[in-house]
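Here the structure is laid out as structure tokens; the discussion comes afterwards.
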Amino acid sequence: MQKKVSGYCALCISRCGCISTVRDGVLVSVEPDPTHPTGEHLCIKGRTAPEWVNSPERILTPLKRTNPKGSADPGWQPIPWEDALKTVADRLNTLAQTNGRESVAFSVTTPSGTAVSDSFVWINRLAHAFGSPNTVFATENCNWHKDFTPVHTLGSGIGMPDYEKSGCIILWGFNPTATWLAQATQVRRAKKRGAKLIVIDCRKVGMASMADQWLRVRPGSDGILAMSLAHVMIEKGWFDAAFIRDSSNGSFLVRMDSGALLTEADIDAEGSDQCYLQWDEVKQSVRRVNAKNKTADDQCAMPALFGSFTIETLQGAISCSPAFQLYADRCKSYAPELQHSITGVSEVQLYKTARLLHECGPVSYFTWTGTAQQTQASQTSRAISLLYALTGDLDAPGGNVYFEKPTINNVFGLDLMDVQQKQKALGLAERPLGPGTMGWISSTDLYRAVVHHQPYSVKALISFGANPQLTKPPTPDTEKALKALEFYVHADLFMNPTAEYADIVLPVASPWERTGLYAGFHVSQQADAHIQLRPAVIEPRGESKSDMWIVFQIAKRLGLDEHFFLGDMDRALEHLLLPANVDRQTLEDNPQGIRLPITTRYRKYQTEGFATPTGRLEIYSIRFQETGYDPLPRFKEEVGIDPVYPLLLTSAKWVQFCHSQQRNVPSLRKRMPDPLVEVHPETAFEKGIGDGDWVVINTLQGTTQARARYNSDLQVDVVCSQYGWWSPDAQGKGQHYNGLVDSDGIDPIGSSNSLRQIYCNIQPLEE
Numbered sequence: 001m002q003k004k005v006s007g008y009c010a011l012c013i014s015r016c017g018c019i020s021t022v023r024d025g026v027l028v029s030v031e032p033d034p035t036h037p038t039g040e041h042l043c044i045k046g047r048t049a050p051e052w053v054n055s056p057e058r059i060l061t062p063l064k065r066t067n068p069k070g071s072a073d074p075g076w077q078p079i080p081w082e083d084a085l086k087t088v089a090d091r092l093n094t095l096a097q098t099n100g101r102e103s104v105a106f107s108v109t110t111p112s113g114t115a116v117s118d119s120f121v122w123i124n125r126l127a128h129a130f131g132s133p134n135t136v137f138a139t140e141n142c143n144w145h146k147d148f149t150p151v152h153t154l155g156s157g158i159g160m161p162d163y164e165k166s167g168c169i170i171l172w173g174f175n176p177t178a179t180w181l182a183q184a185t186q187v188r189r190a191k192k193r194g195a196k197l198i199v200i201d202c203r204k205v206g207m208a209s210m211a212d213q214w215l216r217v218r219p220g221s222d223g224i225l226a227m228s229l230a231h232v233m234i235e236k237g238w239f240d241a242a243f244i245r246d247s248s249n250g251s252f253l254v255r256m257d258s259g260a261l262l263t264e265a266d267i268d269a270e271g272s273d274q275c276y277l278q279w280d281e282v283k284q285s286v287r288r289v290n291a292k293n294k295t296a297d298d299q300c301a302m303p304a305l306f307g308s309f310t311i312e313t314l315q316g317a318i319s320c321s322p323a324f325q326l327y328a329d330r331c332k333s334y335a336p337e338l339q340h341s342i343t344g345v346s347e348v349q350l351y352k353t354a355r356l357l358h359e360c361g362p363v364s365y366f367t368w369t370g371t372a373q374q375t376q377a378s379q380t381s382r383a384i385s386l387l388y389a390l391t392g393d394l395d396a397p398g399g400n401v402y403f404e405k406p407t408i409n410n411v412f413g414l415d416l417m418d419v420q421q422k423q424k425a426l427g428l429a430e431r432p433l434g435p436g437t438m439g440w441i442s443s444t445d446l447y448r449a450v451v452h453h454q455p456y457s458v459k460a461l462i463s464f465g466a467n468p469q470l471t472k473p474p475t476p477d478t479e480k481a482l483k484a485l486e487f488y489v490h491a492d493l494f495m496n497p498t499a500e501y502a503d504i505v506l507p508v509a510s511p512w513e514r515t516g517l518y519a520g521f522h523v524s525q526q527a528d529a530h531i532q533l534r535p536a537v538i539e540p541r542g543e544s545k546s547d548m549w550i551v552f553q554i555a556k557r558l559g560l561d562e563h564f565f566l567g568d569m570d571r572a573l574e575h576l577l578l579p580a581n582v583d584r585q586t587l588e589d590n591p592q593g594i595r596l597p598i599t600t601r602y603r604k605y606q607t608e609g610f611a612t613p614t615g616r617l618e619i620y621s622i623r624f625q626e627t628g629y630d631p632l633p634r635f636k637e638e639v640g641i642d643p644v645y646p647l648l649l650t651s652a653k654w655v656q657f658c659h660s661q662q663r664n665v666p667s668l669r670k671r672m673p674d675p676l677v678e679v680h681p682e683t684a685f686e687k688g689i690g691d692g693d694w695v696v697i698n699t700l701q702g703t704t705q706a707r708a709r710y711n712s713d714l715q716v717d718v719v720c721s722q723y724g725w726w727s728p729d730a731q732g733k734g735q736h737y738n739g740l741v742d743s744d745g746i747d748p749i750g751s752s753n754s755l756r757q758i759y760c761n762i763q764p765l766e767e
């Protein structure tokens with residue numbers, strides 16, 4: 001018997017609409033569903049789902065370690081679910097009583113690149129309900145710098161390009177053809193109707209070939225490029241001065257003596273420190289602007305954006321300048337003639353790109369991991385956000401907007417912990433504006449707590465789908481931490497190098513074997529108005545269960561079931577749907593999803609302001625300034641090149657694989673059997689490397705091997721490899737990209753790792 005079932009592919013954030021074919025209870029094919037708002041295309045990973053869903057390598061029963069960690073054979077012994085769950089709950093309760101709940105860390109893989117999105121909020125809720133402020137998540141190397149760091153500039157994340165109305169689109173460190181197919185579809189449509197396209201990437205891949213401007217930026221220099229572009233736009237007057245004056249804090253005066261914004265309290269003993277001051281060019285005097293009630297002295301004033309002014313304060317006369325003047329001065333230090341040797345982008349191309357931004361609006365942009373996995377990612381995020389602010393197109397038709405989407409209840413549960421427990425998040429003291437504010441911690445902070453017991457000891461880790469051996473540098477620290485854990489639980493579909501260290505392994509059902517709710521498919525208002533309850537199309541293989549079921553069962557045995565609807569997952573789903581004005585039965589009757597009558601509200605800031613301390617888009621970040629960070633983007637000078645490691649190594653995704661997944665899918669491995677490193681032919685010739693030769697990549701941290709592939713579009717001193725590769729047979733050093741990355745190169749604000757900015761050398765592999 002054969003049936004076709006509508007759904008969506010949950011393997012990455014694209015959530016492409018699809019139709020699955022089941023024959024005699026077996027998944028046999030997955031095809032795109034062109035009627036779905038994200039279903040025009042489906043990538044090769046989704047199409048090959050039947051291969052890995054039906055793989056003989058699937059974990060199908062709970063397993064218990066019987067041999068010591070480090071043994072060649074873990075001695076896995078199948079055990080009943082009840083025994084596994086009881087063991088987990090007993091060990092966690094014991095550790096909570098003896099070492100504190102912070103001694104248990106949780107781990108969850110990325111919902112942007114895996115199907116854990118079905119249960120992501122519930123896994124986080126379990127950690128918070130238990131009382132652990134420590135969840136290792138991929139955010140610092142994934143979405144933090146597009147969704148959270150921009151809050152300090154825009155009051156929210158960067159939003160989504162309004163592709164249907166954009167006149168000019170920027171793809172910055174983002175290749176949607178390999179990472180977000182539904183966005184690639186939108187870009188192609190926009191380009192077809194005449195939109196201009198700017199691609200900023202060190203590689204000429206994906207849509208760079210159809211770009212009006214492709215800027216071959218040197219890895220790690222994106223922030224400097226953004227500042228240089230901004231300088232050109234300011235110098236030429238190619239920016240929306242009215243937007244900057246009326247909707248940003250660019251006109252607010254900054255005290256030159258302290259770096260703080262000048263407030264009414266500085267000039268009036270009874271004044272408010274929430275009332276900021278501008279210089280009125282008409283009256284040649286200060287003007288008050290209240291951040292809370294968004295009122296000002298004179299609505300007909302002309303606040304200055306440039307200049308230097310002496311203001312009489314309670315402490316005497318001080319020099320002040322508008323924040324925008326300070327931003328313009330900072331941008332000038334990255335002028336086109338100064339940046340070329342750093343970024344590799346010519347002055348001519350820089351001016352052409354700036355002109356496109358000025359003349360071809362409205363402008364929209366999207367950036368992702370290409371700009372996030374750097375040592376200065378947070379300030380890079382700020383620099384790009386501020387460059388975009390100059391266009392005045394934020395939340396305007398054709399700009400970056402915040403589409404309306406179905407409202408569902410938030411069950412993340414961070415409020416289940418008290419303030420004192422939240423403050424114990426590892427790394428929060430060192431990076432008070434980083435992921436620790438959300439209860440997410442970096443792998444580096446976890447390793448320090450497990451191995452060195454600093455600032456306290458972490459004894460256990462409960463992991464859902466993560467594979468830090470391959471994805472969380474540095475590898476030597478990962479191995480030490482995994483060996484040192486007193487108790488480690490790993491839930492996954494397949495065994496991987498990280499799971500080999502577990503004490504208990506729990507089998508997870510594939511997304512085709514469980515239901516999943518998704519509200520808002522991102523890439524357009526039509527897509528974001530879409531809500532869908534993806535049905536299970538086949539029965540779970542073996543004894544595998546959904547992540548959500550595992551969470552609810554562990555919670556029940558920990559005595560936390562009051563926070564999990566007494567273990568009733570149906571009630572939990574109904575609770576999620578309450579604000580959406582759609583019930584479960586309606587969604588079950590429409591497996592292809594339904595579109596709610598939602599429309600976009602543009603320029604919401606005009607009535608609601610921005611969710612920042614000043615109530616405006618912040619050219620000058622108050623939270624950065626108060627925390628001790630530079631309130632304007634600043635970038636450290638690059639140190640001299642080490643002759644031992646003269647090349648700059650970066651990495652990128654290929655469409656065949658996502659992170660450390662899918663290497664065990666035969667048809668995908670046939671397409672790409674070996675890890676690759678792209679190298680410029682001139683560089684390869686100098687080193688005696690032929691196209692297709694095996695090479696050794698060396699960094700200060702370690703080595704790995706890959707096949708060389710010539711790419712004449714790269715800068716001659718840049719090489720690009722792939723992370724996530726591993727082999728069940730490989731042991732020790734030299735097995736994967738993660739082993740090349742050290743722990744020193746992390747962003748001091750957002751804690752991202754330098755996965756795309758590593759100095760290296762390459763040489764032919766000796767026979």
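Taking full-length UniProt numbering, the leading residue of the sequence shown gets 1, the next gets one more, and so forth.
Glycine included, every Cβ here is placed at the ideal spot set by N, Cα and C.
Among the options, which residue has its Cα nearest to the Cα of residue i?
i, options, result
"Gln722", "Asp713, Leu740, Gly157, Thr607", "Leu740"
"Leu446", "Met160, Phe137, Val121", "Phe137"
"Tyr276", "Leu357, Glu618, Lys556", "Glu618"
"Asp257", "Ser221, Gly745, Ala304, Gly316", "Gly316"
"Ala708", "Gln763, Asp528, Ala396, Pro32", "Gln763"
"His659", "Glu430, Gly392, Asn581, Thr179", "Thr179"
"Leu225", "Lys4, Arg189, Ser103, Arg634", "Arg634"
"Gln376", "Val508, Ser221, His530, Lys352", "Ser221"
"Ala491", "His36, Leu482, Gly167, Ala509", "Ala509"
On the CB-based measure, 16 or more other CB atoms within 10 Å of its CB, does residue i come out buried or exposed?
i, result
"Lys459", "buried"
"His453", "exposed"
"Tyr402", "buried"
"Val644", "exposed"
"Thr367", "buried"
"Gly559", "exposed"
"Ala127", "buried"
"Thr310", "exposed"
"Ile641", "exposed"
"Asn581", "exposed"
"Cys18", "buried"
Below 8 Å on the Cβ atoms is my guess for residue i versus residue j; work out the distance and round it to an integer in Å.
i, j, result
"Thr38", "Cys16", "5 Å"
"Thr475", "Gly702", "7 Å"
"Arg203", "Leu755", "Not a contact, Cβ separation roughly 15 Å."
"Arg23", "Ser248", "Arg23 to Ser248, Cβ: 59 Å. No contact."
"Lys405", "Ile598", "7 Å"
"His575", "Asn410", "Wrong, their Cβ atoms sit about 11 Å apart, outside the cutoff."
To the nearest angstrom, report how far apart residue i and residue j are at their CA atoms.
i, j, result
"Tyr710", "Pro675", "14 Å"
"Arg595", "Asp742", "46 Å"
"Gln469", "Ile198", "36 Å"
"Leu648", "Cys760", "6 Å"
"Leu433", "Tyr629", "10 Å"
"Asp266", "Ala242", "27 Å"
"Tyr163", "Gln420", "44 Å"
"Trp172", "Gly157", "15 Å"
"Phe552", "Gly159", "32 Å"
"Leu700", "Pro646", "12 Å"
"Thr185", "Gly194", "15 Å"
"Glu562", "Ala572", "11 Å"
"Ile234", "Ile384", "15 Å"
"His41", "Pro34", "7 Å"
"Lys472", "Met672", "23 Å"
Give every residue of the same chain whose Cβ lies closer than 7 Å to the Cβ of residue i, excluding the five residues on either side of it in the sequence, and list them in chain order.
i, result
"Gly75", "Arg65, Thr66, Asn67"
"Thr515", "Leu533, Arg534, Pro535, Ala536"
"Pro397", "Asp162, Lys165, Pro362, Tyr602"
What does a CB cutoff of less than 6 Å around residue i pick up in its chain, not counting 5 residues either side in sequence?
i, result
"Arg448", "Gln454"
Given 7 Å as the limit, tell me if residue i has its C-beta closer than that to any heavy atom belonging to the ligand FAD.
i, result
"Asp528", "You won't find the ligand FAD in this model; it holds no ligand whatsoever."
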